[in-house]
Amino acid sequence: MGIALSRQDILATKKTTMSLIVRKRTGFTDKLSQKARDSLNGNVALSAFVEGPYGGHHNLDSYGTVVLFASGIGITYQVPYVRHLVAGYANSTVACRKITLIWTVQSPEHLEWIRPWMASILSLPSRRDVLKIMLFVTRPRSTKEIHSPSATVQMLPGKPNIETLVELEMENQIGAMAVSVCATGSFADEVRKAVRKRQGQRNLELVEAAFSW
Numbered sequence: 258m259g260i261a262l263s264r265q266d267i268l269a270t271k272k273t274t275m276s277l278i279v280r281k282r283t284g285f286t287d288k289l290s291q292k293a294r295d296s297l298n299g300n301v302a303l304s305a306f307v308e309g310p311y312g313g314h315h316n317l318d319s320y321g322t323v324v325l326f327a328s329g330i331g332i333t334y335q336v337p338y339v340r341h342l343v344a345g346y347a348n349s350t351v352a353c354r355k356i357t358l359i360w361t362v363q364s365p366e367h368l369e370w371i372r373p374w375m376a377s378i379l380s381l382p383s384r385r386d387v388l389k390i391m392l393f394v395t396r397p398r399s400t401k402e403i404h405s406p407s408a409t410v411q412m413l414p415g416k417p418n419i420e421t422l423v424e425l426e427m428e429n430q431i432g433a434m435a436v437s438v439c440a441t442g443s444f445a446d447e448v449r450k451a452v453r454k455r456q457g458q459r460n461l462e463l464v465e466a467a468f469s470w
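Each residue of the sequence shown is one higher than the one before, counting from 258 in my numbering.
In structure tokens, the structure reads:
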């Protein structure tokens with residue numbers, strides 16, 4: 258999480274830390290979770306070996322409209338793009354004029370995963386002019402948990418209707434449009450289907466990221 262997009266970004270921030278969002282499964286992640294639970298304050302000091310990165314980086318700078326879909330920890334792939342494109346819009350270094358981030362989580366508590374990074378994005382100049390965020394909570398404990406902080410940051414209950422969302426974005430499309438997805442298999446399949454159905458109508462491109470490695 259929070260991986261810089263380029264060597265220049267790394268040099269500019271002068272950061273010497275890396276933040277990871279880890280989902281507890283079996284094997285290593287289960288052992289890591291157990292160590293954290295067994296510690297006095299939830300903090301554990303361990304040696305680590307960093308390998309990668311895997312996958313690849315897609316340059317979205319030339320698209321006028323960018324729609325970013327994510328489910329669960331797939332948000333870690335999309336947040337650096339949001340940060341880069343919003344900053345580029347403010348500095349007039351990208352063609353992007355419209356960014357929509359659509360993220361599905363099971364609980365509002367999961368929004369805490371990226372709060373520090375999202376707070377820095379929301380404080381960027383001209384953010385309100387270019388960025389819209391839609392948060393879908395699929396398993397809220399009650400409707401009281403669902404509230405939209407602002408017109409540009411909306412929280413909604415249930416699963417997103419991907420066909421409708423893609424169609425609405427196309428109706429307000431500016432320039433070429435990129436749709437990026439980093440999500441579970443079924444979610445990614447829905448996005449792929451919605452985009453491919455419409456690729457003959459507009460200048461529309463699909464960018465898929467591997468959800469796991």
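We put the beta carbon where it would ideally sit given N, CA and C, even for glycine.
Residues bridged to residue i [DSSP beta-bridge criterion]
| i | result |
| --- | --- |
| residue 324 | 357, 436 |
| residue 389 | 357 |
| residue 407 | 410 |
| residue 362 | 394 |
| residue 462 | 435 |
Spatial neighbours of residue i in its chain, beta-carbon cut-off 7 angstroms, leaving aside the 5 residues before and after
| i | result |
| --- | --- |
| residue 286 | 279, 280 |
| residue 293 | 299, 301 |
| residue 400 | 414 |
| residue 381 | 343, 344, 347 |
| residue 409 | 385, 388, 389, 390 |
| residue 405 | 411, 412 |
Rounded straight-line distance, which links the Cα of residue j to that of residue i
| i | j | result |
| --- | --- | --- |
| residue 229 | residue 322 | Since the displayed the chain opens at 258 and closes at 470, residue 229 lies outside it and no answer follows. |
| residue 341 | residue 371 | 16 angstroms |
| residue 428 | residue 459 | 10 angstroms |
| residue 290 | residue 336 | 24 angstroms |
| residue 324 | residue 411 | 15 angstroms |
| residue 318 | residue 463 | 14 angstroms |
| residue 288 | residue 454 | 44 angstroms |
| residue 277 | residue 334 | 11 angstroms |
| residue 303 | residue 283 | 19 angstroms |
| residue 367 | residue 297 | 23 angstroms |
| residue 461 | residue 434 | 5 angstroms |
| residue 328 | residue 425 | 20 angstroms |
| residue 313 | residue 407 | 33 angstroms |
Residue of the options minimising C-alpha distance to residue i
| i | options | result |
| --- | --- | --- |
| residue 359 | 440, 406, 446, 454 | 440 |
| residue 332 | 437, 456, 351, 457 | 437 |
| residue 326 | 276, 356, 456 | 356 |
| residue 364 | 311, 394, 303 | 394 |
| residue 307 | 314, 275, 330 | 275 |
| residue 351 | 329, 373, 361, 316 | 316 |
| residue 445 | 466, 425, 432, 457 | 466 |
| residue 330 | 369, 353, 305 | 369 |
| residue 448 | 417, 457, 314 | 417 |
| residue 361 | 349, 373, 392, 442 | 392 |
| residue 354 | 373, 320, 374 | 320 |
Contacts around residue i, its chain only, beta-carbon distance under 6 angstroms, and the 5 residues preceding and following it disregarded
| i | result |
| --- | --- |
| residue 309 | none |
| residue 451 | 419, 420, 423 |
Cβ shell of residue i (< 8 angstroms), same chain only, five flanking positions each side left out
| i | result |
| --- | --- |
| residue 378 | 336, 339, 340, 343, 384, 388 |
| residue 403 | 365, 394, 397, 412, 413, 414 |
Any non-hydrogen atom of the ligand MG within 8 angstroms of residue i CB
| i | result |
| --- | --- |
| residue 275 | Absent from the structure shown: the ligand MG. Ligands present: none. |
Residue ranges of each beta strand (DSSP E) within the stretch 280-342, 3 or longer: 322-328
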